[in-house]
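> full-length UniProt numbering numbers the first residue of the sequence shown as 1 and each following residue consecutively. Think of the CB as a built atom: it goes at the ideal place given N, C-alpha and C, for glycine as much as any other residue. Below is the structure I would like to discuss, written out as structure tokens.
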Amino acid sequence: MGFRKIAMLHTGCVTVAPLKKLVHELYPEAEIMNLVDDSLLNDTIAAKAMPVEVVERLAQYALIAQQAGAEVILNTCSSVGEAVDVIAPMLKVPYVKIDQPMAAEAVKHGPRIALIATVTSTVAPSKRLLERNAQNQGLTVTVTPYLVDGALKVLSETGDQKRHNQMVIDTVYKAAAENDVIVFAQGSMAVLEPECQNLGVPVFSSPKLGCEQLKKYL
């Protein structure tokens with residue numbers, strides 16, 4: 001692969017360390033550039049939808065990454081993922097969503113999909129992403145959101161991983177009894193996958209699949 005630069009755009013510090021570790025494991029020779037702005041997510045939550053100003057800031061960060069020599073840019077936040085559709089055509093380098101590969105794979109595994117979310121702002125865009133991927137594959141799915149409101153806040157503000165995990169796992173077990181597939185809207189829930197091995201339904205999270213897709217751009 002040789003020397004490459006990968007830029008990751010984050011809306012919080014929670015995703016920086018685990019994604020940096022994962023990318024280093026997959027692409028040990030790559031240089032990683034992290035751009036972090038937690039106001040992007042805060043403003044989106046406050047507005048109950050992604051404001052134009054957030055899209056504009058994301059575009060500015062993407063241009064900065066491109067000017068800094070990034071060969072691919074990864075959007076790491078599901079809540080603002082739809083901005084990629086607007087911004088990507090303006091760039092000379094690929095700008096991709098971390099959750100797109102997850103969504104494309106998850107819809108193949110059953111019509112009833114449980115979408116586990118830990119922040120309100122990601123429910124609608126993640127639901128649309130799954131439905132769009134199903135439509136593109138000629139599939140019909142029913143996406144049922146399960147919101148564990150406050151879990152991401154616990155993790156980002158207190159760092160209490162144990163409390164976050166317990167809040168989420170109770171909902172996961174309930175959802176597994178009612179659906180064919182579990183989808184974690186936030187990558188921060190990927191740590192729960194080992195606890196989900198005996199659920200009887202497949203569980204999908206975005207980090208590994210989302211980072212593996214970068215290979216085709218390097």
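1. Starting from residue 164, trace the beta strand (DSSP E) in both directions and tell me its first and last residue.
2. Suppose only complete runs of 3+ residues qualify. What are the beta strand (DSSP E) ranges in the stretch 111 to 163, listed by chain order?
3. Three Cβ pairs or more, each shorter than 8 Å: is that satisfied between the stretch 84 to 91 and the stretch 188 to 205?
4. Using three-state DSSP, classify residue 75 as helix, strand or coil.
5. Name the DSSP bridge partner or partners of residue 10?
6. Would you identify the three-state DSSP class for residue 31, choosing helix, strand or coil?
7. Of the choices 43, 32, 200, 26, whose alpha-carbon is the least far from that of residue 9?
8. Closest by CA to residue 217, which one among 11, 12, 18, 27?
9. Looking only at DSSP bridge pairs, what is residue 4 linked to?
10. Excluding the 5 residues preceding and the 5 following residue 156 in the sequence, name in chain order all residues of the same chain whose CB lies nearer than 6 Å to its CB.
11. Which of the three DSSP states is assigned to residue 54 in this structure?
12. Exposed or buried, which one is residue 159 when buried takes at least 16 other CB atoms within 10 Å?
13. Skipping 5 residues on each side, what residues in its chain have a beta carbon closer than 8 Å to that of residue 123?
14. Please name the residue, chosen from 75, 25, 151, that lies closest to residue 206 on a Cα-to-Cα basis.
Looking at the atomic coordinates:
1. First-last for residue 164: 161 to 176, but that is the alpha helix (DSSP H), not the beta strand (DSSP E).
2. Contiguous beta strand (DSSP E) elements confined to the stretch 111 to 163 occur at 112 to 117, 142 to 147, taking only those with 3 or more residues.
3. Counting C-beta pairs closer than 8 Å gives fewer than three between the stretch 84 to 91 and the stretch 188 to 205, which falls short of the contact rule.
4. The answer is strand: DSSP assigns residue 75 an E or B state.
5. Paired residues: 36.
6. Assigned with DSSP and collapsed to three states, residue 31 falls in strand.
7. For the residues 43, 32, 200, 26, the minimum Cα distance to residue 9 belongs to 32.
8. When only C-alpha atoms are compared, the closest one is 27.
9. According to DSSP, residue 4 bridges with 30.
10. Excluding sequence positions up to five before and after residue 156, its CB lies within less than 6 Å of the CB of 12, 14, all in the same chain and listed in chain order.
11. Of the three classes helix, strand and coil, the one that applies to residue 54 here is helix, per DSSP.
12. With a 10 Å radius around the Cβ and a threshold of 16 neighbouring Cβ atoms, residue 159 comes out exposed.
13. Cβ within range, chain order: 115, 117, 145, 147, 185.
14. The closest CA to that of residue 206, considering only 75, 25, 151, is found on 75.
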